[in-house]
Structure formats: C-alpha cells, structure tokens
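Just below is one structure, and these are the notes that go with it.
2 protein chains.
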Amino acid sequence: MDIKEEYKDLLDHISLDCVVFGFHENQLKVLLLRMKHTKEWALPGGFVREAESMEVAASRVLKERTGINDIFLRQFHVFSDPERAKRNQAVPDVIESGLIFPDLAWFNQRFISVGFYALVEFSHVHPQPDLLSDLCEWVGLDEPGTLILDHNQILEKALETLRLQLTFQPVGYNLLPEKFTMPELQKLYETILGKELDRRNFQRKMLAYNILTKLDEVKPGVAHKAPHLYKFNLENYRKALEEGLSGRW
Amino acid sequence: MDIKEEYKDLLDHISLDCVVFGFHENQLKVLLLRMKHTKEWALPGGFVREAESMEVAASRVLKERTGINDIFLRQFHVFSDPERAKRNQAVPDVIESGLIFPDLAWFNQRFISVGFYALVEFSHVHPQPDLLSDLCEWVGLDEPGTLILDHNQILEKALETLRLQLTFQPVGYNLLPEKFTMPELQKLYETILGKELDRRNFQRKMLAYNILTKLDEVKPGVAHKAPHLYKFNLENYRKALEEGLSGRW
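Residue numbers (numbering that gives the first Met the number 0), protein chains in the order written: chain A, 0 to 248; chain B, 0 to 248.
In structure tokens form, the structure reads like this:
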C-alpha cells in the first residue's frame, strides 16, 4: 500500500499512541521507534480510519509493529493539551517519506491522542519500524531518554496506570510465559513498581489472591533447588480483573 | 452568544459526554437532558474548541449545565464505535434550534466521544438545559429508561468504573456533604454497588482505611441515639487515591 492510500480515509484530529510493555531478562521494556531523520525516539502510534473504532485502529497499528494479532491492549488516557503536538518536529521525516503538501498540512493539524497500553510476551514480538522510522526496538524503562512530543508523559501515565492496577487487579498474564516461577513473577512486580519487595510477603500475598496454580514441575535447567513452576488460574484471574483483588465489598 | 458563534471553532470528530452523579435522599442520581423535539433523554455533552483540552471543554460544559466551577471530573473511557452515533435522531432538535445546513452537516459527522464522570454535591447544582434540550433534571439510577445514541452504554460504563474504584480507592468526597454519618456513607456505597452491605463489616472496613475523622458531634435534629458525624481526612484520602486503599505492595 502506498503512502497516499494509507492516509486516505483517516479521521482528522484523532490519533493513538501505544505503550507496549514486554518483560525480558528480568526487566520491563517498552517498544520504541527511531525517527528516520531526527533520530529521536517515539512511541508507536497511528491514526483512525473512517470504519474503525479506536480499539480496531490500535490493534491494526500494533499488528504492524509487532506481528501479533489479538494483542492485549487497553485505553488508559486521552492526551489533549492543545500544545501537546509540536508536529513540525516530525516534518523532516514526513517530507523524506514522500508525503506531498496536502498530507503535510493534515499531519500538522492538532491531534487528540488516545493512549493504549499493551502487554505482550516479549518472545512473540517481531519489531517493525513504520513509514517515518528506521528502527523499532525494545528499550529498558530506565533508558528511554527524551521522546518526541509528549511521549514521555504518555509513557509515565501508562506506568502509573499499571502500578495502580497492581494494587487491585492481577497483572502478569500476557507478560509472562505460560509457566513461570514465583521469583520471576516477583521480579515483574518489582520492575513495574520500581522497588524491591520482600520475598515471603510477596509469595503469601500472591497465593492468597487465589489466581495461581502451582504445577507439579520445577524450572528446567536448574541444578539445585530448582524453583517450582506456576501458571495463572484463568477463571479466577478474570474474576479478579472484574471484581478487584482484595477489596470486594 | 448566538449559535453560530458557539459552533465556530469546534474540532471535527471529537465530542464529550458527562455522567454527573449526585447523591440525594439516599439515592444515587444522574443528571439528564430532555431533547426539545423528540423528548428523548440524553447525557449532558458537548464539543471541543480549538484552544481547549478535553478537560477544559468538559469543565466548561458542566459549568453551563450545573452552575458549578471546578467540578470534580475524570475521563473514564473513549466511545468510538463507528456506528455509535445515529446523529439523525437529533436532527429535528438541531433544525428547531435554528442551525443552518453547514452546521447540520457538521453535526451529522462521526464523533468519537470521551466519557467523563463527575461527582457533585447534589445541593450545589442548578440544572440548566442546553440549546437542544428543554429540561435538565436529576434522575434516579433505576429510572433513566432508553437514552439517545449509546448513552445507556456510557452511563453503564461510568457506573462500572465507579464500582471497580470502590474496591481500591476511596469514593465519597464531592458526593457527600462535608459532615456525614456512617449510615449515609454506607448508603452511598450501597447505591453504587446496587446491593445491601452488612453494617458492622462496612464500618470496620471503612475505619481501617484510615480516611475518616470522627467528629465530636452527632447528627442534628435526631432525637434519640443520633448517629455520630464524620468527615474525610483529606490528606489520607488523597494518599489512598494515589496508592490504592488496601493492596499497597
């Protein structure tokens, strides 16, 4: 599909930005794009076609960037500061991409952006740059630096949302492999929260939520005192997503 | 301001709808408008001016409908089904309002709507209809009937959000008067949850959250065994809003 086709039936003023979280080597990472011309980094994002809902548009964008269908994603906030998009930052890339003037004007209008976060299993993702970028890569949460536009704020708000959710909803399914150890789950929580947790308290609290099934298997490839494997009890997990973990009235 | 002035610098494709909750006579109520021509009921809503963020636009709309400045409001969801707005439902009212054709076409475009909920102290509100409506009234949550467009869905999602928040965040400030009794607070929770709660459990749980200050006063005008008055400890309340009530890691 050429660029003009791509931009043909997009709605004015509405965009989306995606914060894609993946967990790898005990670290929470986020998927970023490097803009072709300016070499600045950005969150993956896109626009909305006439026939699409926001969710369908976000799924399409993420399928293009990750290769994954049916990615787990959720709206978390609308970013609508009238000054948020100094779009001319991106203009050199738009010009380099071969977009002609009417499209550039379109590109420079004010956009209100719906933020989505996505949780993906790291190993399933095949990162793909978009028309305006030359790289698509996983970056550790401590190293994104200064992103374009208000993308640092969008990333921070996504993290904040995830942190608050840890206090009342289960998190981990979609981020961890099907079978995982308690230390791996704890490490995931620790990287989201940005702090260390007590091992015994963590285990006690997680088990009390009744969302884990302890398997009759240990972690393969560990010679001595190999940790047990767990998986999520999806029925209880989904119930906890709907009703909240602990505070049920 | 005449109508053309009002619609002059609005962004295409973006609207907002507000679910305004108030608590009165032990019942949770929602503010609705009655459309002039069709007599159908609708949530208060509006559009976004070029210089406004979504939040500023929502505050402006709610100031017009309620008379209240600095209303407590929060985004909760973006409604973007391409089929959501069969806007021609509202056309008779638009015509009656004196809008000319270009504005009607504008009015009939696809809108993606950002849902806000607002919590207000009932007694502070002075309901005002907008250009397209002849009534603005409080309606009990059990009696809204069929609203226009997807407004029933927006209302239901707002309630769902509030219910989930009860499990991890304090709710009540902005809805209750400054001083209130434990039975009044319980009744608020019961109307949001749509079920009765055990009195002693409720009190124990609420007190454990450490967000209430028991006052050295009883409810005035109650002859016998007048219940104690409480107010929120705003410092702890705000902390609980940020960190979650019970599940802190």
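Glycine residues also receive a C-beta, built at the ideal position from the N, C-alpha and C atoms.
A Cβ-Cβ distance of about 5 Å is found for the pair residue 115 of chain B and residue 17 of chain B, placing them in contact under the 8 Å criterion.
Classified as exposed, residue 219 of chain B has fewer than 16 neighbouring CB atoms from the shown chains inside 10 Å of its CB. Looking at the DSSP output, residue 115 of chain A sits in a beta bridge with A:17, A:74. In the three-state reduction of the DSSP assignment, residue 122 of chain A falls in the helix class, which pools H, G and I. Exposed is the label assigned to residue 123 of chain B, since fewer than 16 other Cβ atoms lie within 10 Å of its Cβ. Neighbours of residue 243 of chain B in chain A, taken as residues whose beta carbon is under 7 Å from its own, are 163, 166, 167 in chain order. In this structure, the alpha-carbon of residue 30 of chain B lies about 24 Å from that of residue 107 of chain B. The C-beta of residue 138 of chain A comes no closer than 7 Å to any C-beta of chain B.
Taking a cut-off of 8 Å for Cβ pairs, the stretch 176-187 of chain A and the stretch 201-210 of chain A touch, as three or more such pairs fall below it. In the DSSP assignment, the residues bridged to residue 230 of chain B are B:212. Within the stretch 138-207 of chain A, the complete alpha helix (DSSP H) segments of 4 residues or longer fall at 150-165, 181-192, 198-207, listed in chain order.
Residue 167 of chain A is a Cβ neighbour of residue 166 of chain B, given a cutoff of 7 Å.
Residue 23 of chain B has B:26 as its beta-bridge partners, per DSSP.
Counting along the chain, residue 47 of chain B sits inside the beta strand (DSSP E) bounded by residues 44-48. At least 7 Å separates the CB of residue 18 of chain A from every CB of chain B. In the DSSP assignment, residue 54 of chain A falls within the alpha helix (DSSP H) that extends over 53-65. For the pair residue 11 of chain A and residue 11 of chain B, the Cα-to-Cα distance works out to about 7 Å.
Listed in chain order, the non-local C-beta contacts of residue 56 of chain A below 8 Å within the same chain comprise 15, 45, 46, 47, 48, local neighbours out to five positions each way being set aside. In the DSSP secondary-structure assignment, residue 132 of chain A is bridged to A:34. In this model, residue 240 of chain B and residue 170 of chain B are separated by some 9 Å (Cα to Cα). When CB distances to chain A are screened at a threshold of 8 Å, the residues of the stretch 45-56 of chain B falling below it are 47, 49, 50, 51, 52, 53, 54, in chain order. Taking all protein chains shown into account, residue 66 of chain A has fewer than 16 neighbouring C-beta atoms within 10 Å of its C-beta and is therefore exposed. Interface annotation, residue 14 of chain B: not in contact with chain A, CB-CB separation never under 7 Å.
In the three-state reduction of the DSSP assignment, residue 102 of chain B falls in the helix class. Around residue 235 of chain B, the same chain offers 209, 210 as residues with beta carbons nearer than 7 Å, after the five sequence neighbours per side are excluded. Interface annotation, residue 112 of chain A: not in contact with chain B, CB-CB separation never under 7 Å.
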